[in-house]
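Following numbering that gives the first Met the number 0, the residues of the sequence shown are numbered contiguously, the last one being 200.
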Amino acid sequence: MSKYYAVKVGKKVGIYRTWAEAEKQVKGVSNAKYKSFKSEQEALDFMGGNKVDQKVVDEDSVITAYVDGSYNKQKKQYGSGVVLLEKNEVIDKLTIPGNEEDYLDSHQIAGEVIGCLEAMKWAIEQGKKKLIIYYDYQGIESWATKEWQAKKPISLDYVREFGQLKEKVEVEFRKVKGHSGDTYNDLADELAKEAASQKIV
0 MSKYYAVKVG
10 KKVGIYRTWA
20 EAEKQVKGVS
30 NAKYKSFKSE
40 QEALDFMGGN
50 KVDQKVVDED
60 SVITAYVDGS
70 YNKQKKQYGS
80 GVVLLEKNEV
90 IDKLTIPGNE
100 EDYLDSHQIA
110 GEVIGCLEAM
120 KWAIEQGKKK
130 LIIYYDYQGI
140 ESWATKEWQA
150 KKPISLDYVR
160 EFGQLKEKVE
170 VEFRKVKGHS
180 GDTYNDLADE
190 LAKEAASQKI
200 V
């Protein structure tokens, strides 16, 4: 009996007809989500209903970003760390220091959200169509989706700028547990700490 293998979280999401094909998309992906089904409809339901949406974006136009933020009390400055990957290979790393007065009382959260925006700008500049953002601070996703109401200057500015940038690049959010041993999340954390200590010119 033929089966349908639905890969919801993996290197390339979609519905595959053989386990060999599906396995390529989940092997080595720590938080992969996949399941086999007897019917295509069941697989579609698992994926969220629309197979076309899952396959529209070509793998070459997808970028993955891990973002994190940090705050340096001595310097009164926040920092953003961004790790950018394409096909599971690190292709760029960003450190963005900041000391905008209105954002300082948000501490490392300022670094988190600015990291997300900088990742989006990077993807747009490179002509990418889709960006998968891994984050550990819930506000990254919840403010963007309006699940949380933005009240402070940093969140208000984030929501406004995110709304403008998302017109140019599709964003998919994925949460990771902070300090859980995830290689790229830990690297983003290190970059954020480095940025929070960098001299701002």
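Glycine is no exception: its CB is placed at the ideal position from the N, C-alpha and C atoms.
Since this is a predicted model, take the numbers as computed values, not measurements.
Open item on the list: So, under 8 Å CB-CB, residue 110 and residue 69 are touching, yes? Tell me the CB distance rounded to an integer number of Å.
Closed with: Position 111 of the sequence shown, counting from 1, holds the residue named residue 110. Position 70 of the sequence shown, counting from 1, holds the residue named residue 69. Right, the Cβ-Cβ distance comes to about 6 Å (below 8 Å), so this counts as a contact.
Open item on the list: Can you give me the C-alpha to C-alpha distance between residue 127 and residue 195, rounded to a whole angstrom?
Closed with: Mapped onto the sequence shown, residue 127 falls at position 128. Mapped onto the sequence shown, residue 195 falls at position 196. When only Cα atoms are considered, residue 127 and residue 195 end up about 28 Å apart.
- [ ] Indicate the three-state DSSP secondary structure (helix, strand or coil) for residue 114 in the structure shown.
- [x] Here residue 114 is taken as the residue at index 115 of the sequence shown, counted from 1. Helix, per DSSP.
Task: Reference residue 145, options 130, 134, 161, closest by Cα - done: Counting from 1 along the sequence shown, the entry for residue 145 is found at position 146. When only C-alpha atoms are compared, the closest one is 161.
Open item on the list: Please state the DSSP three-state secondary structure of residue 99.
Closed with: As a position in the sequence shown, residue 99 is number 100, starting the count at 1. Of the three classes helix, strand and coil, the one that applies to residue 99 here is coil, per DSSP.
- [ ] Measure the alpha-carbon distance for residue 105 versus residue 153 and round it to whole angstroms.
- [x] To locate residue 105, count along the sequence shown from 1; it is residue 106. To locate residue 153, count along the sequence shown from 1; it is residue 154. Roughly 7 Å between the two C-alpha positions.
TODO: Going by DSSP, name the residue or residues bridged to residue 89.
DONE: Within the sequence shown, numbered from 1, the residue matching residue 89 stands at position 90. Bridge partners of residue 89: 84.
- [ ] Compute the Euclidean distance between the alpha carbons of residue 34 and residue 10, then round it to the nearest angstrom.
- [x] One-based indexing of the sequence shown puts residue 34 at position 35. One-based indexing of the sequence shown puts residue 10 at position 11. Cα to Cα, residue 34 sits roughly 15 Å from residue 10.
Open item on the list: Using 8 Å as the threshold, is the C-beta distance between residue 133 and residue 87 below it?
Closed with: Position 134 of the sequence shown, counting from 1, holds the residue named residue 133. Position 88 of the sequence shown, counting from 1, holds the residue named residue 87. Not closer than 8 Å, so no.
TODO: Could you name the residues of the same chain whose beta carbon sits closer than 7 Å to that of residue 147, not counting the 5 residues immediately before and after it, in chain order?
DONE: Here residue 147 corresponds to residue number 148 of the sequence shown, with the count starting at 1. Excluding residues within five positions, the ones whose Cβ falls inside 7 Å are 138, 141.
Open item on the list: Which residue marks the beginning of the alpha helix (DSSP H) containing residue 169, and which one marks its end?
Closed with: Walking along the sequence shown from the start, residue 169 turns up at place 170. According to the DSSP assignment, residue 169 belongs to no alpha helix (DSSP H) but to the beta strand (DSSP E) extending over 169 to 174.
Task: 6 Å CB neighbourhood of residue 136 in its chain, flanking five on each side removed - done: Position 137 of the sequence shown, counted from the first residue, corresponds to residue 136. Result list for residue 136: 111, in chain order.
- [ ] Would you mind sorting residue 199 into buried or exposed? The rule is 16 or more other CB atoms within 10 Å of its CB.
- [x] The residue labelled residue 199 in the question sits at position 200 within the sequence shown. For residue 199, the number of other beta carbons within 10 angstroms of its own is below 16, and it is reported as exposed.
Task: From 13, 72, 3, residue whose alpha carbon lies closest to that of residue 37 - done: Counting from 1 along the sequence shown, the entry for residue 37 is found at position 38. Taking only the C-alpha atoms, the option nearest residue 37 is 3.
TODO: Note down the Cα distance separating residue 115 from residue 28, rounded to an integer number of angstroms.
DONE: For the purposes of this step, residue 115 is taken as the residue at position 116 of the sequence shown. For the purposes of this step, residue 28 is taken as the residue at position 29 of the sequence shown. One Cα belongs to residue 115, the other to residue 28, and the distance between them is close to 21 Å.
Task: For residue 29, three-class secondary structure by DSSP - done: Position 30 of the sequence shown, counted from the start, is the residue given in the question as residue 29. Residue 29: coil per DSSP, three-state reduction.
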